[in-house]
Amino acid sequence: MHLTSSRQMDHGWRERDELEFVGIFEKELDKVHRFVQSRLDSLEPRVAECEEKLKLLSASYDTIADTLADTVLLVNDLARFVHLNVTGFEKMVKKHDKWTHLDLAKKYRALLKQYPLDKQSQRVDVLIVRISHAHDLCTLHGATRTKKKVIEEECDEEAAAFERATAKYWVHPENITEVKAIIMFHLPVHVYNKKKAYEAEDAAISSVYFDNSNFDLYSDRLERTEGAEAIRFRWYGQETRHVYIERKTHHAPWKNGHSVKDRFRLKEHLVDAYMHGQYTADHLVAESKLNNKQVDHQQHFVAQGIQNSIATKRLHPMCRVYYNRTAFQIPGDQRLRISLDCNMTFVREDGMDGRPRAGTHWRRTDMGIDYPFHGIDESDIHRFPYAVLETKIQTHLGQQTPPWLQTLLDSHLVHEVPRFSKYLHGASQLYREQVPVLPYWLDQLTIDIRKPSAVGVGLSRSLSFQPLINGHHRHSLLGPSHLAIDLPSQGTRTKTKEQPSNHGDTFARLLNYPRFLDERAKKKKHDDPKNAVLPTSRRPPQRVVPMKKTEPKTFFANERTFISWLQFCALLLTVALNLLNNGDHISRIIGAVFIIMSSILCFYALGRYQFRAWQLRTGRFIMRYDDLYGPTVLCVCLVTALLVNFYLRASALTEPQAGSTAPAPAT
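Residue 188 in this note's numbering sits at position 188 of the sequence shown, with consecutive numbering throughout.
Here it is as structure tokens:
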């Protein structure tokens with residue numbers, strides 16, 4: 001951008017300059033795109049080779065797992081490179097348009113169709129899913145996990161109510177792939193449709209949230225009113241043949257005050273009729289009987305309750321939320337689930353401003369899942385800058401937070417945002433002037449959520465260039481062969497004394513399957529799967545100190561330090577003014593030196609004050625809070641000034657003595 005600003009100041013931005021800049025811009029975009037393309041083309045065959053070896057059993061599981069671990073680090077490096085360059089090109093476009101008042105953004109969107117650099121992250125996600133599946137097979141030594149008959153929340157036809165404890169975190173785009181990789185080594189990526197190869201479109205989730213013109217549901221959810229509802233129509237991927245009608249209730253009275261999520265599935269061509277009250281819960285039950293399906297009275301209760309809320313509260317489509325989800329869970333077991341939602345986008349669905357976006361339909365039809373939705377009016381869209389990590393733990397089944405997960409949540413890779421809500425955030429951004437109150441977390445969008453890297457957390461390499469996961473070699477994640485069974489299907493809780501750590505124990509501790517595995521191998525005992533729970537180790541994990549919220553007194557201490565420097569500068573300035581006004585030639589020289597010193601000190605103190613305040617606000621520690629050099633330099637300057645003053649005064653001190661001898665009287 002130096003080229004743009006320099007030519008702008010030289011002779012203005014001419015058409016020739018614009019053509020030259022666009023040519024260079026396109027050339028660099030093409031170069032980066034071809035590099036990323038070539039790297040992905042080299043990584044995909046590497047993963048495919050591992051998958052083929054697993055099918056043919058032509059190599060040891062350890063060898064394949066080593067290759068996969070190394071590939072994960074390469075994929076993470078490439079993902080960071082893609083994000084850095086996409087951000088760089090976007091900033092160049094903005095600065096170009098600012099300096100030249102021309103529209104390069106439109107040209108840039110056209111170039112992205114030719115060089116889709118912004119979509120390469122989707123290929124990275126596909127690689128992560130494939131690596132996760134292959135790594136899971138290596139961990140189990142080729143065995144398959146036993147799938148227990150529990151409710152499949154995302155896609156089970158009869159999915160009904162869920163009780164769970166959730167926590168939400170923001171993840172900076174630079175850390176998304178790294179967080180996925182760390183979780184992947186402990187929980188496999190959950191893929192619903194395993195009958196076909198995983199594609200990027202399979203991760204897309206779209207939800208249309210309902211509310212009224214007064215934003216009553218928004219206000220109730222934000223204030224956490226008893227019985228507050230969130231109603232949404234959700235579908236997965238590009239295909240919308242089936243839509244999930246969902247309701248989340250805060251402290252539901254029919255669940256004894258527990259928060260719950262209810263849902264049922266409806267065919268897409270019936271959604272409009274259901275929204276307008278033409279297709280009722282009775283029709284849903286009648287259709288189930290007609291198709292010889294078991295009548296679910298819970299579904300009737302949910303369908304009737306949602307339809308009544310739509311009618312009585314005059315709800316209509318308000319906001320669409322789109323994101324790409326990567327879910328992690330043991331197949332068939334929902335007691336511990338983790339999801340990471342990327343590319344989150346909020347789009348208006350209402351017609352309150354006179355623009356019929358959806359009309360009488362339940363959703364607008366001018367958009368699909370083609371992120372970043374350049375075809376949508378920018379005034380209708382808001383793109384969230386971070387990914388959202390959500391942990392879902394079914395505490396009523398006895399599940400607790402595993403130590404490895406707690407270590408991740410305490411690390412620099414995530415930023416906790418309690419009670420973050422997708423709909424509340426989207427509505428507050430798209431309808432900022434209409435909503436009665438704004439969520440508290442909007443202030444956190446103005447700060448940099450990145451934190452200093454913690455030692456022993458994340459992906460790294462050893463001195464021998466071997467891949468490390470949370471500071472451990474991959475071999476510490478793989479124990480003896482008896483640990484490679486279907487761990488969750490045989491879990492039990494056992495209290496034993498802790499034994500000295502070894503590779504197997506490290507593996508068990510990191511995967512949250514502790515000493516019960518050894519006990520199971522010794523006793524050869526198979527427990528009832530219905531009573532199985534994911535056991536948790538009581539050994540405290542190696543905790544990483546999280547970034548604590550800065551106390552207000554810290555900011556006051558910074559201000560007091562700044563004021564102390566100003567007081568000294570004021571004292572020095574007072575001395576300087578007295579020397580200038582009341583002294584001789586030498587005194588005025590010294591006074592001028594003191595004035596220069598006090599001015600420099602003022603600006604120095606201001607700079608240090610602002611920098612310390614920035615470190616406190618953002619949590620990024622770059623320089624010590626105390627000042628090692630400022631006071632030393634100040635003392636040296638003062639002593640130097642005093643020595644110069646003494647030197648200039650030395651000759652004056654001897655003059656009176658030479659002139660004090662009176663001449664001898666004449667004789």
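Where a beta carbon is used, it is the ideal one built from N, C-alpha and C, also for glycine.
Determine the closest residue to residue i out of the options, with distance taken between C-alpha atoms.
| i | options | result |
| --- | --- | --- |
| Cys635 | Leu601, Asp448, Arg348 | Leu601 |
| Asp220 | Asp296, Ile245, Lys313, Arg16 | Lys313 |
| Ala327 | Val75, His186, Arg450 | His186 |
| Lys27 | Phe89, Asp77, Val82 | Phe89 |
| Val179 | Arg34, Trp235, Glu390 | Glu390 |
| Lys255 | Cys637, Phe264, Ala557, Gly227 | Gly227 |
| Leu642 | Arg624, Leu572, Tyr629 | Leu572 |
| Pro403 | Gly277, Ile447, Ile183, Lys194 | Ile183 |
| Glu52 | His242, Thr166, Leu104, His135 | His135 |
| Val417 | Leu73, Lys95, Val171 | Val171 |
| Lys196 | Ile447, Arg130, Ile596, Arg247 | Arg130 |
| Leu409 | Glu378, Arg419, His190, Val457 | Val457 |
| Tyr323 | Val347, Tyr625, Ala311, Arg80 | Val347 |
| Ala110 | Ala613, Phe25, Leu84, Leu68 | Phe25 |
What did DSSP end up calling residue i once you bin it into helix, strand or coil?
| i | result |
| --- | --- |
| Pro631 | helix |
| Ala230 | strand |
| Leu463 | coil |
| Tyr604 | helix |
| Leu266 | strand |
| Asp17 | helix |
| Arg432 | coil |
| Leu648 | helix |
| Lys525 | At Lys525, the pLDDT of 40 sits below 50, so the modelled position is not reliable and the matter cannot be decided from this model. |
| Asp211 | strand |
| His669 | Here the chain comprises residues numbered 1 to 667, so residue 669 is not present and cannot be evaluated. |
| His96 | helix |
| Leu468 | strand |
| Met547 | Unreliable positioning characterises Met547 in this predicted model, as indicated by a pLDDT of 47, which lies under 50. A coordinate reading is not provided. |
| Ser421 | coil |
| Arg241 | coil |
| Lys248 | strand |
| His258 | strand |
| Thr280 | coil |
| Tyr625 | coil |
| Asn502 | The predicted model places Asn502 with a pLDDT of 37, which falls under 50 and marks its position as unreliable; any figure quoted below should be read in that light. Coil, per DSSP. |
| Lys205 | Here residue 205 turns out to be Ile, not Lys, going by the sequence shown. The answer is strand: DSSP assigns Ile205 an E or B state. |
| His33 | helix |
| Tyr236 | strand |
| Val455 | coil |
| Val636 | helix |
For residue i, I'd like the list of residues in its chain whose CB is within less than 6 Å of its CB, leaving aside the five on either flank, ordered along the chain.
| i | result |
| --- | --- |
| Leu648 | Ile586 |
| Gln37 | none |
| Cys138 | Tyr61, Ile64, Ala65 |
Might you give, ordered along the chain, the residues of its own chain that have their beta carbon closer than 8 Å to the beta carbon of residue i, omitting 5 neighbours on each side?
| i | result |
| --- | --- |
| Asp118 | Val86, Leu112, Pro372 |
| Leu445 | Pro385 |
| Leu40 | Leu78, Gln120, Arg123, Val124, Leu127 |
| Asp216 | Lys313 |
According to the Cβ coordinates, are residue i and residue j closer than 9 Å?
| i | j | result |
| --- | --- | --- |
| His440 | Val321 | As written in the sequence, residue 440 is Tyr, which differs from the His given in the question. No, the pair does not count as a contact, with Cβ atoms beyond the cut-off. |
| Arg383 | Asn175 | no |
| Leu56 | Ile64 | no |
| Gly359 | Met367 | no |
| Ala592 | Ala576 | yes |
| Ile306 | Asp370 | no |
| Val82 | Leu222 | no |
| Tyr61 | His141 | yes |
| Gln238 | Glu201 | yes |
| Arg325 | Ala203 | yes |
| Lys392 | Ala605 | no |
| Leu74 | Leu43 | yes |
| Ala680 | Phe264 | No answer is possible for residue 680: the residues shown for the chain start at 1 and end at 667. |
| Ala181 | Asn76 | yes |
Tell me which residues share the same chain as residue i and place their Cβ nearer than 7 Å to its Cβ, disregarding the 5 neighbours each side in the sequence.
| i | result |
| --- | --- |
| Glu15 | none |
| Tyr218 | Asp211, Leu424, Ala427, Val435 |
| Pro317 | Val208, Phe210, Glu349, Asp350, Ala358, Trp362, Arg363 |
| Val271 | Phe233, Val243, Trp362 |
Cβ-heavy atom distance between residue i and the ligand GDP below 8 Å?
| i | result |
| --- | --- |
| Val189 | As for the ligand GDP, it is missing from this structure, which has no ligand bound. |
* **Minimum length 3: unbroken beta strand (DSSP E) runs contained in the region 358–417** => Here the runs fully enclosed are 381–383, 387–393.
* Only counting runs of 3 or more residues, tell me where the beta strand (DSSP E) segments fall wholly within the region 285–365, in order along the chain. => Listed in chain order, the complete beta strand (DSSP E) runs (minimum 3 residues) inside the region 285–365 are 316–328, 336–348.
* To do: Tell me the start and end of each unbroken alpha helix (DSSP H) in the region 77–146 that is at least 4 residues and wholly inside, in chain order.
  => Within the region 77–146, the alpha helix (DSSP H) runs of at least 4 residues that lie entirely inside it are, in chain order, 104–114, 120–139.
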